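Participant: Going by my numbering, the sequence shown opens with residue 995, and the numbers climb by one from there.
Beta carbons are placed, not taken as given, at the ideal position from N, Cα and C, and that holds for glycine.
As the structure is a prediction and not an experimental result, all values here were calculated from the model.
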Amino acid sequence: RYEVGRAGGAMASLPAARPARRALHAAPAPPPSPFLATWRRRWHGATQRSRAAAAAQKKSQNRVLVPVATGTEEMEAVVLVDVLRRAGASVIMASVEESRAVTCSRGVRIVADATMSEVVDETAEFDAVVLPGGMPGTKRLRDSEALCQLIEKHDAKDGLLGAICAAPAVVLRDIGLLDGKRATCHPDFQRQLATSMSFNGTFNGRTVVDGNVVTSQGPGTAFEFALLLVEEMFGRVASEEVARPMLVPSNVNETMLTCFDDVEAYAKPYSPSTPKVLVPIANGTEEMEAVILVDVLRRAGIEVIVASVEKTMQVTAANRVTLQADCSISDCQRHHIGSFDGIFLPGGMPGAERLRDSSVLMEILGKHKKDNRLYGAICAAPVVALQ
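(1) Return the first residue and the last residue of the alpha helix (DSSP H) that D1121 is part of.
(2) Along the chain, which unbroken stretches of the beta strand (DSSP E) at least 3 residues long are found entirely within the region 1053-1134?
(3) Does L1155 come out as helix, strand or coil in the three-state DSSP assignment?
(4) Going by alpha carbons, who is nearest to G1058 out of A1071, S1302, V1124?
(5) Which residues in the same chain as K1361 place their Cβ atom closer than 6 angstroms to its Cβ, once the five residues preceding and following it in sequence are excluded?
(6) For P1243, does the count of other Cβ atoms within 10 angstroms reach 16, so buried, or fall short, so exposed?
(7) Tell me, to the nearest whole angstrom, how far the beta carbon of M1069 is from that of A1216; I am working on the premise that it is less than 8 angstroms.
(8) Residues in the same chain with beta-carbon distance under 6 angstroms from V1077, minus the five sequence neighbours each way, listed in chain order, please.
(9) Using C-beta distances below 7 angstroms, list every residue in its chain close to S1324, excluding the 5 sequence neighbours before and after it, in chain order.
(10) Cutting at 6 angstroms between CB atoms, please list the residues of its own chain near G1370, excluding the five before and the five after it.
(11) In this structure, does DSSP put S1324 in helix, strand or coil?
(12) When DSSP labels each residue in this structure, what does P1274 get in the three-state scheme?
(13) In this structure, how does DSSP classify V1164 when only helix, strand and coil are distinguished?
(14) Out of H1180, D1182, H1148, V1231, which has the shortest C-alpha to C-alpha gap to V1207?
(15) With a 10 Å radius around its C-beta and 16 neighbouring C-beta atoms as the bar for buried, classify N1056 as buried or exposed.
(16) Check this for me: beta carbons of T1201 and P1126, under 8 angstroms apart or not?
(17) Could you tell me which of V1073, E1092, V1090, R1100 sits nearest to V1298, measuring between CA atoms?
(18) Tell me the rounded alpha-carbon separation between R1350 and P1274.
(19) With H, G and I counted as helix, E and B as strand and the rest as coil, what does DSSP make of D1204?
(20) For chain C, check one thing: does any of its Cβ atoms lie closer than 8 angstroms to the Cβ of P1274?
(21) Among the candidates E1281, V1114, H1180, L1241, whose CA atom is the shortest distance from the CA of M1129?
(22) Quick one, are the C-beta atoms of A1081 and V1236 less than 8 angstroms apart?
(23) Which runs of the alpha helix (DSSP H) fall wholly inside the region 1282-1337 and span at least 4 residues, in chain order?
(24) Given S1233, which residues of its chain have a CB within under 7 angstroms of its CB, disregarding the five upstream and five downstream residues?
(25) How many angstroms separate the CA atom of V1165 from the CA atom of V1203?
(26) Report the option in D1152, R1367, R1134, F1183 whose CA atom is closest to the CA atom of D1121.
(27) Please report the residue range of the beta strand (DSSP E) in which L1349 lies.
(28) Determine, using beta carbons only, whether R1167 and L1141 come nearer to each other than 8 angstroms.
(29) Using DSSP with H/G/I as helix, E/B as strand and the rest coil, what is G1342?
(30) Beta carbon of G1341, beta carbon of E1280: below 8 angstroms?
(31) Which partner residues does L1368 have in the DSSP bridge list?
(32) Check whether the Cβ of V1300 sits closer than 7 angstroms to any heavy atom of the ligand NAP, and report yes or no.
(33) Under a Cβ-count criterion, where at least 16 other Cβ atoms within 10 Å of its own Cβ denotes burial, should S1267 be classed as buried or exposed?
(34) Suppose you measure from the CA of R1094 to the CA of A1108; what does that come to, to the nearest Å?
(35) Am I right that T1132 and A1161 are in contact with their C-beta atoms under 8 angstroms? What's the rounded C-beta distance?
(36) What do you reckon, are the CB atoms on T1064 and E1091 nearer than 8 angstroms?
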């Protein structure tokens, strides 16, 4: 019997095939010739490669715009770009400023792929437009006439729209794209969102999908927001495949800290001065790890110095986000050696190898360890750089 589909919840089927004729007619066919077997293997392999190439081409045709501005939330912007590129999307980070270089809300400096004026001049359209939050970056996105016109045209064609943190309330609400929709945003902006919407849903969802609009609450929901956008564009399987190697926890409450020693033993005695931390970066550094480290530590009031181990201040990270360091590692050696309370290494390849190969960084780290001060590493860096 041959299964052909479901009807009314049950599997419908065709009548059973007629019994085979006499054994004479049911005898097995002779084995294929070696030539035919070889041809079949080659044909099958070519077909599989063709399908894989077609799938890759389909992914690369998904163009996504992520606009940024002075004051954009760096974690949200970089997580979005990194995750979407991991999924195979062609992501363009565009600055609404006159320059491609922007300084984000916590002082991380990013160099965008293009300016908004360059993007508007392009004839190709986008499959998705996704807005990071952060203040005053979100206001500067809203004040970009070119960006708002592009968003309105994109929405009119039912294109996928995403916004996180303050962006749903400050940008999408102000240009009238959330009327009658369910949405969420950062708790500090929920009242502003509610006062201008015919809204029947709840604001408590971490990430909300309504039609072509996906909204989310803030930096802590950036990963699930980005992965949901991947699912919207490429399907659930693709989203799961991207999430797996990033080790995104399935349960946000699961334990993430394992201590084999007393961390307090590595802390300096209390001092009224501001703690100082070094985060070195290199070509191939994992941008999400570097930016999250810097952003979170600066939120805690820690002075963070981002130092490049390359010959230039700009580094191209693992997923092609361009980061601008505060100084070179040589400058750190001359002016700051012995003054860091912590040194934390991001991962990413070949970034971790380039950190390991920096003799200046290794000298700084060696003295830091000898002084019994706190240091840490993530991803590939513990094995590649520290070991």
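Facilitator: Straight from the coordinates:
(1) Neither: D1121 is in no alpha helix (DSSP H) and is coded neither H nor E.
(2) If we require 3 residues or more, the beta strand (DSSP E) runs fully inside the region 1053-1134 come out as 1057-1062, 1084-1089, 1095-1097, 1103-1105, 1122-1125.
(3) Of the three classes helix, strand and coil, the one that applies to L1155 here is strand, per DSSP.
(4) The amino acid at residue 1058 is misidentified as Gly; the sequence shows Val. Nearest C-alpha to V1058: V1124.
(5) Scanning its chain for C-beta atoms nearer than 6 angstroms, with the 5 sequence neighbours on each side dropped, one finds no residue around K1361.
(6) The residue is exposed, with fewer than 16 neighbouring Cβ atoms inside 10 Å.
(7) With 8 angstroms as the limit, M1069 and A1216 qualify as a contact, their Cβ atoms being about 6 angstroms apart.
(8) Closer than 6 angstroms at Cβ, skipping near neighbours: A1220.
(9) Taken in chain order, the residues that qualify are V1354.
(10) Cβ neighbours of G1370 beyond the five flanking positions: F1338.
(11) In the displayed model, S1324 falls within a helix according to three-state DSSP.
(12) In the structure shown, P1274 sits in a strand (DSSP, three-state: E or B).
(13) Helix, per DSSP.
(14) Comparing Cα-Cα distances from V1207 to each of H1180, D1182, H1148, V1231, the minimum goes to H1148.
(15) Buried, because 16 or more other Cβ atoms sit within 10 Å of the Cβ of N1056.
(16) The Cβ atoms of T1201 and P1126 lie no closer than 8 angstroms to each other.
(17) Cα-wise, what sits closest to V1298 is R1100.
(18) CA-to-CA, the gap between R1350 and P1274 works out to about 11 angstroms.
(19) If DSSP states are grouped into helix, strand and coil, D1204 belongs with the strands.
(20) Note that chain C does not occur in the displayed structure, where there is just one protein chain.
(21) Sorting E1281, V1114, H1180, L1241 by C-alpha distance to the C-alpha of M1129 places H1180 at the top.
(22) Cβ distance < 8 angstroms, so A1081 and V1236 count as in contact.
(23) The qualifying runs are 1323-1329.
(24) Correct list, in chain order: L1221, V1224, E1225.
(25) In this structure, the straight-line span from the alpha carbon of V1165 to that of V1203 is close to 17 angstroms.
(26) Answer by Cα proximity: D1152.
(27) Taken as a continuous stretch (DSSP letters only), L1349 belongs to no beta strand (DSSP E), being part of the alpha helix (DSSP H) at 1345-1350.
(28) Taking 8 angstroms as the cut-off, the beta carbon of R1167 is found no closer than this to the beta carbon of L1141.
(29) Reduced to three states, the DSSP call for G1342 is coil.
(30) In contact: G1341 and E1280 (Cβ atoms closer than 8 angstroms).
(31) For L1368, the beta-bridge partners assigned by DSSP are G1336.
(32) As for the ligand NAP, it is missing from this structure, which has no ligand bound.
(33) By the neighbour-count rule (16 or more Cβ atoms within 10 Å), S1267 is not buried but exposed.
(34) Take the alpha-carbon of R1094 and the one of A1108: they are about 6 angstroms apart.
(35) With a Cβ gap of about 5 angstroms, T1132 and A1161 count as contacting.
(36) Contact flag set, yes.
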